[in-house]
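Line order of the protein sequences matches chains A and B. Residue numbers are given in my numbering: position 41 of the first sequence equals residue 41, and the series is strictly consecutive. The number in my numbering is simply the position in the second sequence, starting from 1, with 153 added. Ideal Cβ placement from N, Cα and C applies to all residues, glycine included. One structure is given here, and the rest of the page talks about it.
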Amino acid sequence: MIHALTYRMSGSEAEASDLAQEAFVQAWRRLDHFRGEARFSSWLYRIAVNLCLNWKAREAREARARTAWGDLAANEGSSTGDRRTGLVQEALMKLPAKQRAAIVLTVYDGLKHEEAARLLGCSETTVSWRVFAAKAKLKRWLEKMDGQKGERS
Amino acid sequence: MNNDELDQRLRSASPPERSEAYWREFPESVERRILAEKQRAEAAVRPGFHPSLKWIWRLALPGAAVVIALLLMPGQQPKTPIHEQLSSLRAGYEQVAALFPGQLETVVFGGDEPYLQLSDLPDVPSSPPLFVRICPPSGKCVTAVSFSGQKVRVSGREFEVLANGVGEIFLLAKEGVWSPGQAPVGGENWRFETGWLERHL
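Structure below.
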């Protein structure tokens, strides 16, 4: 679960691994702050989300990840499934981090907007807006990418 | 594309599967990081000294301390082979440096046990090790293995160790600068000795 989150947020297996490790290390550091009011997994998940949102030099890393995904998507040797997965991840990586987090939490992890809001430390309305804006962009980008792929093949 | 189709499309993109070896290695990686952090925290509690390294210094220190003391006593030569003893100091230093790559600022020999001054980040520039011996007007002398640009604290006073292009070693304190052949810092009865570790090997 943590790895899936860090992967979708970072777009890179190596970064995802580093982030997941860091999440566990931070949890260990803050163990005395864990009050048992939430499940340990939710608490750890919250740490990982915040970590992904604050990951140092995020923009540079994201740019690298986008390039890597662009290369993967353009790789003719990849299977159709890989290319479709690559396009989705490429589109996710183009989103601002907070919108991406909203999508990961609500679409992939199935959290209600209210739950995602609690986890992200913002209002439910904000989450709803982020999800709405992110989905509008994703639809546009994916349709455009699909069109480009169709033309190429 | 409607919302349901988009959700379905997004969910169809699974993260890459990791190998079994990765999952076996992952907890160990986290454990190693936590252990390293615990050791660093323990080292910070005791100013700069890493408890798990005591054994290294217990092996390396006795010979090294004797050699440095003998080296720095004017007009006397070590009674035992100098190279062997300095090699012992160097070996101890190298083991510690290997454990904290880019973090070792100074190893101070004073009091009952040596202790390490470590940087929080691996940002200490690589340079040849040197040794300094600082004797305050009262109290024990302190011998340290350090590098140009690092600091050594003795009796509440901080000295910055600097080497120039021709290999001379200077000690800078708030009260003034000490260089070979000059009067001690602040005109007080401090005594200083410096040298390059490598040149004595």
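The way I'd put it, the segment 113–121 of chain A doesn't touch the segment 160–169 of chain B; fewer than three beta-carbon pairs between them come closer than 8 Å. The C-beta of ARG306 of chain B comes no closer than 9 Å to any C-beta of chain A. Looking at the DSSP output, SER299 of chain B shares a beta bridge with B:THR259 and B:LEU283.
The three-state secondary structure of LYS139 of chain A, taken from DSSP, is helix. By the neighbour-count definition (other C-beta atoms within 10 Å, threshold 16), TRP176 of chain B is an exposed residue.
At a cut-off of 9 Å, the C-beta of GLU173 of chain B has no neighbouring C-beta in chain A. Residue state for ARG46 of chain A is assigned as helix, using DSSP reduced to three classes. For the segment 81–134 of chain A, there is no continuous beta strand (DSSP E) assignment of 3+ residues that stays within its boundaries.
Counting only residues of its own chain and dropping the five nearest sequence neighbours on each side, SER272 of chain B has a CB closer than 6 Å to the CB of GLN256 and GLU258. In the DSSP assignment, VAL305 of chain B forms a beta bridge with B:PHE312. Chain-ordered listing is empty here: chain A has no CB closer than 7 Å to the CB of LEU315 of chain B, the nearest sitting near 32 Å. Straight-line spacing of the CA atoms in CYS122 of chain A and SER167 of chain B works out to 27 Å. Its Cα nearest to that of ARG140 of chain A, the residue A:LEU95 stands out among A:LEU19, A:LEU95 and A:TRP129. Relative to the Cα of MET93 of chain A, the nearest Cα in the group A:ARG8, A:MET1 and A:HIS3 belongs to A:ARG8.
If the five residues before and after THR85 of chain A are omitted, its C-beta is found closer than 8 Å to no C-beta atom of its own chain. Taking 9 Å as the threshold, the shortest C-beta distance from ARG193 of chain B to chain A does not fall below it.
Residue range 329–331 is occupied by the beta strand (DSSP E) that includes VAL330 of chain B. The alpha carbon of ASN50 of chain A has as its nearest neighbour, out of A:ALA23, A:ASP18 and A:ALA14, the alpha carbon of A:ALA23. Between SER165 of chain B and GLU313 of chain B, the alpha-carbon positions lie close to 60 Å from each other.
Contact between the segment 123–131 of chain A and the segment 168–188 of chain B is absent: fewer than three C-beta pairs spanning the two stretches fall below 8 Å.
A straight-line Cα-Cα distance of about 42 Å links ALA136 of chain A and GLU181 of chain B.
Taking 9 Å as the threshold, the shortest C-beta distance from VAL183 of chain B to chain A falls below it.
Counted as a single uninterrupted DSSP element, the alpha helix (DSSP H) harbouring LEU163 of chain B occupies residues 156–164. CA-CA distance, LEU324 of chain B to LEU315 of chain B, rounds to 6 Å.
Taken through DSSP and simplified to helix, strand or coil, LEU51 of chain A comes out as helix. Look at GLY147 of chain A here: in three-state DSSP terms it is helix. Distance from the CA atom of GLN270 of chain B to the CA atom of PRO254 of chain B, rounded to whole angstroms, is 13 Å.
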